[in-house]
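In my numbering, the protein residues as written are 3 to 166.
The structure is reproduced here in C-alpha cells:
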C-alpha cells in the first residue's frame, strides 16, 4: 500500500531541482525517504532523491535521474509516495491519517455514519470527514468524541449525535 506524502509543484533552477509540496508534518520529513515513487499519467515509477532541503516556506529536491530544467518540468503535478511499510511504527493510540481513511464510523448507539473519506487539519484539532447518507465533520478528540479505533475491525466508535 502506498502513502502519498506530497506532490511536485514546480522546478527550481536549471539543474533539475524540483519544488515539492509536502503533506508531512513537519514538511521536511518527506526528505527522510531517499527513494520516492512518483505517480504520473496513470503509472508509478521509482526515483532516488540525491539531496533536498527547506527553501523558503517549501522544499526543493534533486532527483538522481533528473539533470535539467526540462526534465524537472516534465514531473510537474506528480504525486510523491512511499510504501506504507517504510513509515515508522506508531505507538499505542497513535494513527497515521491514511490508516483511518475508509474506516466505518459508528456512534455509541450503533448508528452507521458512513466511512472516513479524509481528514482536515484545522489548527485546534483534526477533523474526520465522514461520508455516508450525508457528510459529517467529526472532531478528532480522543476520549471525548473518538471513543475507540479498531483498525482490525475497520471501525471508529464516536460519541456523536445522529442529528449533528
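Built from N, CA and C at the ideal position, the CB exists for glycine as well.
Computed from a predicted model, the values in this text were never measured in an experiment.
Looking only at its chain, what residues have a beta carbon closer than 6 Å to the beta carbon of residue 125, apart from the 5 residues adjacent to it on each side? Excluding residues within five positions, none has a Cβ falling inside 6 Å.
Inter-residue spacing [alpha-carbon to alpha-carbon] between residue 152 and residue 158: 6 Å
Considering only their Cβ atoms, is the gap separating residue 22 from residue 8 smaller than 8 Å? yes
Decide if residue 86 is buried, meaning its Cβ has at least 16 other Cβ atoms within 10 Å, or exposed. exposed
Return the bridge partner residues of residue 8 from the DSSP annotation. 24, 82
Take every Cβ of the stretch 22-32, pair it with every Cβ of the stretch 47-63, and state whether three or more of those distances are shorter than 8 Å. Two segments are said to touch when three or more pairs of C-beta atoms, one from each, lie closer than 8 Å; by this definition the stretch 22-32 touches the stretch 47-63.
Starting from the C-beta of residue 127, find all residues in its chain whose C-beta is less than 8 Å away, skip the five residues before and the five after it, and write them out in chain order. Cβ neighbours of residue 127 beyond the five flanking positions: 141, 142, 143.
Are the stretch 62-82 and the stretch 5-19 touching by the rule of at least three beta carbon pairs closer than 8 Å? Output reads yes: the stretch 5-19 touches the stretch 62-82.
Check the DSSP bridge columns for residue 37 and list the partner residues they point to. Looking at the DSSP output, residue 37 shares a beta bridge with 50.
Cα separation between residue 116 and residue 73? Each residue's Cα considered, the two are about 43 Å apart.
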